[in-house]
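Peer 1: Numbering (this note's numbering), first residue to last: 345 to 908.
1) Leaving out five residues on either side along the sequence, give the residues of the same chain with a beta carbon under 7 angstroms from the beta carbon of residue 460.
2) Please check the pair residue 722 and residue 737, which I expect to be a contact at CB under 8 angstroms, by giving their CB distance rounded to whole angstroms.
3) Terminal residues of the continuous beta strand (DSSP E) containing residue 849?
4) What are the start and end residues of the beta strand (DSSP E) that includes residue 796?
5) Using three-state DSSP, classify residue 786 as helix, strand or coil.
6) I'd like the span of the alpha helix (DSSP H) that includes residue 379, first residue to last.
7) What would DSSP say about residue 899, mapped onto helix, strand or coil?
8) Nearest to residue 813 by alpha carbon, out of 867, 648, 346, 662?
9) Leaving out five residues on either side along the sequence, give the residues of the same chain with a beta carbon under 7 angstroms from the beta carbon of residue 698.
10) Once you ignore the five residues that flank residue 899 on each side, which residues in its own chain have a CB closer than 8 angstroms to its CB?
11) Closer than 8 angstroms, CB to CB, is residue 705 near chain D or not?
12) Assign residue 409 to one of three DSSP states: helix, strand, or coil.
13) Could you check the C-alpha separation between residue 683 and residue 840 for me, to the nearest Å?
14) Using three-state DSSP, classify residue 349 as helix, strand or coil.
15) Considering Cα atoms alone, identify which of 563, 356, 587 is closest to residue 455.
16) Report the CB separation of residue 646 from residue 817 in whole angstroms; it is logged as a contact under 8 angstroms.
17) Taking the beta strand (DSSP E) that residue 621 belongs to, which residues open and close that run?
18) For residue 643, is the classification buried or exposed, using 16 other Cβ atoms within 10 angstroms of its Cβ as the cut-off for buried?
19) Which full runs of the beta strand (DSSP E) of 3+ residues lie inside the stretch 438–467, going along the chain?
20) Residues in its own chain within less than 7 angstroms of residue 623 by CB, not counting five upstream and five downstream?
21) Alpha carbon to alpha carbon, how far is residue 654 from residue 773? Give it in angstroms, no decimals.
22) With distances taken from CA atoms, which of 860, 729, 618, 822 is nearest residue 691?
23) Given a threshold of 16 other Cβ atoms within 10 Å of its Cβ, counted over all protein chains shown, does residue 852 qualify as buried or as exposed?
24) For residue 657, which of 414, 687, 583 has the nearest alpha-carbon?
25) Tell me which residue opens and which closes the alpha helix (DSSP H) that residue 543 is part of.
26) Thinking just about the alpha-carbon of each residue, which of 510, 571, 531 is nearest to the one in residue 760?
27) Specify the secondary structure class of residue 366 as computed by DSSP and reduced to three states.
28) Report the three-state DSSP secondary structure of residue 913 (helix, strand or coil).
29) Using the DSSP secondary-structure output, state which residues sit across from residue 757 in a beta bridge.
30) In the DSSP assignment, find the alpha helix (DSSP H) that holds residue 522 and state where it starts and stops.
31) On the three-state DSSP scale, how would you describe residue 713?
32) Kindly indicate which three-state DSSP category residue 708 falls into: helix, strand or coil?
33) Quick check on DSSP: helix, strand or coil for residue 908?
34) If you draw a straight line from the C-alpha of residue 719 to the C-alpha of residue 663, how long is it?
35) If you draw a straight line from the C-alpha of residue 838 to the C-alpha of residue 869, how long is it?
36) Compare the C-alpha of residue 510 against each of 490, 586, 842, 618 and name the closest.
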């Protein structure tokens, strides 16, 4: 059903991409598109901490120190598979590089700073591990091959099966270099859905052959907010779009019809988080509603150098609204599968800012590579899992500097994360979730010293490194990996649900054939599909997605790599 106006619930990448396609492909006026959102960046954030952009974020923090930078997560791109994202970024000007589109900006930077990770895995006593040796045995290879070779039509056989359950007779899988690299590159956990693992194996099968060096990874010039979100925001504002922030949409008004399965939104209820006043917004028959029905950074909380994070037990702004809709209609999925099991989804990340490059130079020395080339993961030297085997303690990304446009030449910004925040540190006897920013720095220095325990190890410069710290900001994200949670295909709604007349679902918690979640690619694709649907643009015009899992050469190389 063609519409001519849109209300966007959420102003993350998915809905903003939908707006761009409505304007450029549907020939809509930007003035007919209105966003209601808590913030203007979704999960693609990054800012000085005294400019964290929205009152909702700031008023829910108790921070003793608000200096330094923070990014709750980090984004790695891949041109070969992120084709919809690159199409989107080719349509808008860069926010930082004059005369370039946002896509040209990223390609230009990436061509001059190619990723080649020489220290993907680090381990005490062994220094840099040869990740090129995947460590798979025949049982591992057989089970992985079954996933890759499973036809799309049989994917539902993996409904409600976790990765741990799929490999329950093969615990060796979780002690391989392949698993260590795969879980930390893509943020899979053993409790994650094996359906999602299969989709990643299909869409990223060519990365299987080069995962130890991450040569397929492409990066933006700056953080994801300034290189991805800000160009889109600037463009949409120039087009006259209305972006209304500090709004939490709390309920839908639906049309009552004799056929109770018809989904027609007639109004929205929301709260202005600046003054806690409630508002009602009517939705007329010429308006489509684009709803991003989940966020991996909802309910996130920050600490600082001397303060651990607190836990915000809110179910999530977007997912709470999704839950109300799913209780009304049978075909809108099951949000509890994603937002009612924090043990399967929570992370703690940190953003470390220093006023000189002492720590940066030490990491460069230990890893033998320049900043911007790596995702370094530290393997525990003692059993830490329920199965009694080793796993990754923490991972860090040392960005090409500067990572922020306002960053001073003497400043360094490093990002890291703990995939299992309830585990206890090796060098700080606390659960990661209970650590201050200083504790996390202590843990990092301990890991680096263990990897490089030589005569001139990093601890000799410990006091200088501490003196250089501007801040280290922990962030707790209860739903960071929620999109990987174990589920069935029907637990996510389709972009355009059956019987919907004016409601589309966008983002990472919608069901799209073949797409893999936790990527800007799938977010943009959902926005593109919903925009084409309501603007009457033929679906044949959608960006064509490659199928590397159908390429015999790629499959042959992957098979050969399994035996490395």
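For each residue, glycine too, the CB sits at the ideal point set by N, CA and C.
The model shown is predicted, which means the values in this text are computed figures rather than measured ones.
Peer 2: Quick look at the numbers:
1) 557, 559, 717
2) 5 angstroms
3) 847–850
4) Residue 796: not part of any beta strand (DSSP E); DSSP gives it neither H nor E.
5) Collapsing the DSSP output to three states places residue 786 in a helix.
6) No alpha helix (DSSP H) contains residue 379, which is instead part of the beta strand (DSSP E) from 377–380.
7) helix
8) 648
9) 755, 756, 812, 813, 814
10) Excluding residues up to 5 positions away in sequence, 492, 549, 893 lie with their Cβ nearer than 8 angstroms to the Cβ of residue 899 in the same chain.
11) Absent from the structure is chain D; it holds one protein chain and no more.
12) Per-residue confidence for residue 409 stands at a pLDDT of 46, beneath the threshold of 50, marking its modelled position as unreliable; no derived number is given.
13) 22 angstroms
14) strand
15) Between residue 455 and the set 563, 356, 587, the nearest pair of CA atoms involves 563.
16) 6 angstroms
17) 621–626
18) buried
19) Taking only runs of at least 3 residues, the beta strand (DSSP E) segments lying wholly in the stretch 438–467 are 465–467.
20) These residues qualify, in order along the chain: 614, 616.
21) 18 angstroms
22) In terms of CA proximity to residue 691, 822 leads the group 860, 729, 618, 822.
23) So residue 852 counts as buried.
24) 687
25) 538–547
26) Minimum Cα-Cα distance from residue 760 among the listed residues 510, 571, 531 corresponds to 531.
27) helix
28) Because the chain is modelled from 345 through 908, residue 913 falls outside the range shown and cannot be assessed.
29) 697
30) 521–530
31) coil
32) helix
33) coil
34) 31 angstroms
35) Taking C-alpha positions only, residue 838 is separated from residue 869 by approximately 12 angstroms.
36) 490
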